[in-house]
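Inspection log for the structure reproduced underneath, given as structure tokens.
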Amino acid sequence: MDLTPRKDYFGSFDPSRVPSPCFVVDEAALRDNLAVLADVQERSGAKVLAALKAFSMFSTGHIVAEYLSGTCASGLHEARLGFEEYGGREQGKEVHVFSAGYKEEELREILGFAHHVIFNSFSQWKRYRALCLEAQQQRPELRFGLRINPEHSEGTTALYDPCAPCSRLGIIRSQFENEDLAGISGLHFHTLCEQDFAPLARTIAAVEEKFGDLIPQMEWINFGGGHHITRGDYQVDALVEAVKDFAGRHDVQVYLEPGEAISLFAGVLVGEVIDLTWNGVDQAILDVSATCHMPDVLEMPYRPDITGAARPGELPHTYKLGGQSCLAGDSIGEYSFAEPLQVGDRLVFEEMAYYTMVKTNTFNGIPLPSIALWNSETDALQVVKEFGYDDFKGRLS
Numbered sequence: 001m002d003l004t005p006r007k008d009y010f011g012s013f014d015p016s017r018v019p020s021p022c023f024v025v026d027e028a029a030l031r032d033n034l035a036v037l038a039d040v041q042e043r044s045g046a047k048v049l050a051a052l053k054a055f056s057m058f059s060t061g062h063i064v065a066e067y068l069s070g071t072c073a074s075g076l077h078e079a080r081l082g083f084e085e086y087g088g089r090e091q092g093k094e095v096h097v098f099s100a101g102y103k104e105e106e107l108r109e110i111l112g113f114a115h116h117v118i119f120n121s122f123s124q125w126k127r128y129r130a131l132c133l134e135a136q137q138q139r140p141e142l143r144f145g146l147r148i149n150p151e152h153s154e155g156t157t158a159l160y161d162p163c164a165p166c167s168r169l170g171i172i173r174s175q176f177e178n179e180d181l182a183g184i185s186g187l188h189f190h191t192l193c194e195q196d197f198a199p200l201a202r203t204i205a206a207v208e209e210k211f212g213d214l215i216p217q218m219e220w221i222n223f224g225g226g227h228h229i230t231r232g233d234y235q236v237d238a239l240v241e242a243v244k245d246f247a248g249r250h251d252v253q254v255y256l257e258p259g260e261a262i263s264l265f266a267g268v269l270v271g272e273v274i275d276l277t278w279n280g281v282d283q284a285i286l287d288v289s290a291t292c293h294m295p296d297v298l299e300m301p302y303r304p305d306i307t308g309a310a311r312p313g314e315l316p317h318t319y320k321l322g323g324q325s326c327l328a329g330d331s332i333g334e335y336s337f338a339e340p341l342q343v344g345d346r347l348v349f350e351e352m353a354y355y356t357m358v359k360t361n362t363f364n365g366i367p368l369p370s371i372a373l374w375n376s377e378t379d380a381l382q383v384v385k386e387f388g389y390d391d392f393k394g395r396l397s
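Residue numbers (full-length UniProt numbering): 1 to 397.
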């Protein structure tokens with residue numbers, strides 16, 4: 001896996017220019033990614049959607065809308081964001097929605113503006129079919145689909161494997177027996193997580209083997225997300241040919257909905273050292289918290305890179321880094337540095353645009369990081385959002 005950026009986007013960025021903590025997204029890097037995805041869209045004929053579950057910095061929504069066909073969402077609020085901020089209302093960009101389960105009041109609102117609504121079970125589809133078809137009479141562009149589970153796992157982390165045994169996501173082939181597909185125009189599948197083309201090729205084969213008899217009844221097939229298309233070693237030409245081949249053989253519109261690929265290499269999280277302690281090892285307390293600001297560090301788990309730092313012992317000064325929260329396990333990991341850390345030092349955590357700001361929380365009342373948009377080509381910087389006490393209080397009652 002080649003996670004080397006195409007350019008040294010943040011090499012000239014001065015972290016003292018933003019408040020701490022702060023997410024910083026580079027507009028130039030974002031546009032570079034979007035250009036790759038737009039090229040795939042143009043050459044393959046697929047429609048590429050931005051998966052808002054990974055990256056929902058809506059101040060960049062107008063930029064995304066310049067390149068892609070729309071957005072995909074995991075529920076009402078993301079769908080509204082796509083409609084309102086990513087060209088859904090003004091430019092007619094498509095809004096696709098999938099949820100493991102819809103409440104009726106949520107679905108009624110979704111049916112007022114979405115283009116594709118995808119159901120996770122036959123029970124939900126049958127419960128709401130009359131409501132959906134009535135809405136379609138008012139909005140003929142509405143389309144309805146089912147998420148299928150090809151029972152084909154490609155992920156290496158169980159937490160992110162939607163095709164694991166007994167998964168709640170998607171309908172397995174045996175559940176289609178004797179079901180009426182009237183009103184359904186497409187199928188959606190998702191098996192990937194941060195992967196290249198080969199796992200998708202195997203997934204397509206599994207889908208055709210299990211669901212091939214149903215595809216001729218469909219207008220569209222959604223290949224889901226998890227495609228690391230903007231990674232340096234991704235086999236873009238192979239993806240383009242596979243999409244063209246599938247769409248041609250089955251006479252369907254193919255959709256792709258990358259999430260991480262939108263903002264890969266495009267964002268960092270700036271934090272500050274606020275205390276230095278010792279208990280068996282040197283420790284540094286930061287205003288960045290794993291549990292509040294980078295929960296995947298604990299959930300996956302993984303170790304984020306820090307610019308200029310190395311693994312323990314590789315450089316002269318090693319510290320265990322942790323956040324301000326009372327959670328004993330609020331630990332980011334051990335890192336070594338060329339020089340001793342000092343209170344007030346700024347640290348830059350890399351690859352912090354996707355699945356970070358969408359997951360932040362205010363546990364312990366710890367402030368949310370600010371959000372800034374920077375441009376590595378022009379050096380223009382705008383702090384687009386800062387959070388305070390009211391953001392913490394407003395989530396409670």
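Each residue gets a CB set at the ideal place from its N, CA and C atoms; glycine is no exception.
In this text the structure is predicted, and so the values were computed from the model without any measurement.
The three-state secondary structure of Ile262, taken from DSSP, is helix. Taken in chain order, the unbroken stretches of alpha helix (DSSP H) that lie wholly in the stretch 8–51 and span 4 residues or more are 27–44. Taking each of Leu192, Ala238 and Asp305 in turn and checking the Cα distance to Asp161, the smallest one comes out for Leu192. The Cβ atoms of Lys93 and Ala130 do not sit closer than 8 Å to each other. Our two residues, Gln136 and Ile118, have alpha carbons roughly 14 Å apart in a direct line. Note on Asp196: 16 or more other CB atoms within 10 angstroms of its CB, so buried under the neighbour-count rule. Gly333 has Leu321 as its beta-bridge partners, per DSSP. The three-state secondary structure of Phe197, taken from DSSP, is helix.
From the listed residues Asp26, Ile110 and Ile204, the smallest Cα separation to Ser153 is found for Ile204. Distance check between Pro316 and each of Ser336, Pro304, Ser325 and Ala29 places Ser336 closest, using alpha-carbon atoms only. Take the alpha-carbon of Leu368 and the one of Asn361: they are about 7 Å apart. Spatial neighbours of Gly333 in its own chain (CB-CB distance under 7 Å, excluding positions within 5 residues in sequence) are listed in chain order as Arg303 and Leu321.
Val240 is not bridged by DSSP to any residue. In the DSSP assignment, Arg346 falls within the beta strand (DSSP E) that extends over Arg346 to Glu350. The beta carbon of Ala29 sits closer than 6 Å to those of Tyr9, Phe265 and Ala266, all from its chain and outside the five residues before and after it, given in chain order. In this structure, the beta-carbon distance from Gly145 to Leu81 does not fall below 8 Å.
By the beta-carbon neighbour count (other beta carbons within 10 angstroms, threshold 16), Arg168 is exposed. Each residue's CA atom was taken as its position, placing Ile110 and Ala310 some 47 Å apart. In the DSSP assignment, Lys385 forms a beta bridge with Ile371. For the options Gln253, Pro150 and Gln283, the alpha carbon positioned closest to that of Leu200 is the one of Pro150. When the beta-carbon positions are compared, Val358 and Ala372 stay at least 8 Å from each other. Minimum Cα-Cα distance from Glu104 among the listed residues Arg89, Gln91, Lys126 and His190 corresponds to Lys126. With 16 or more other Cβ atoms inside 10 Å of its own Cβ, Arg147 counts as buried. Measuring C-alpha to C-alpha distances from Gly329 to each of Ile171, Cys292, Pro340 and Glu350 identifies Cys292 as the nearest. DSSP places Ala79 in no beta strand (DSSP E) but in the uninterrupted alpha helix (DSSP H) bounded by Leu76 to Glu85. Assigned with DSSP and collapsed to three states, Arg143 falls in strand. The distance from the Cβ of Glu257 to that of Asn279 is about 46 Å, inconsistent with a contact at the 8 Å cut-off. A straight-line Cα-Cα distance of about 22 Å links Leu133 and Gln175. Under DSSP, Thr277 forms a beta bridge with Gln283.
Cα atoms of Glu42 and Arg31: separation of roughly 16 Å, rounded to the nearest angstrom.
A check of alpha carbon separations from Glu386 across Pro19, Gly394 and Thr318 identifies Pro19 as the nearest. When the beta-carbon positions are compared, Lys210 and Ser44 stay at least 8 Å from each other. In the displayed model, Ala205 falls within a helix according to three-state DSSP.
In the three-state scheme derived from DSSP, where H, G and I count as helix and E and B as strand, Glu66 is classed as helix.
In this structure, Pro15 lies near Arg346, with their beta-carbon atoms less than 8 Å apart. Between Gly323 and Ala284 the beta-carbon gap is near 10 Å, outside 8 Å, which marks them as no contact.
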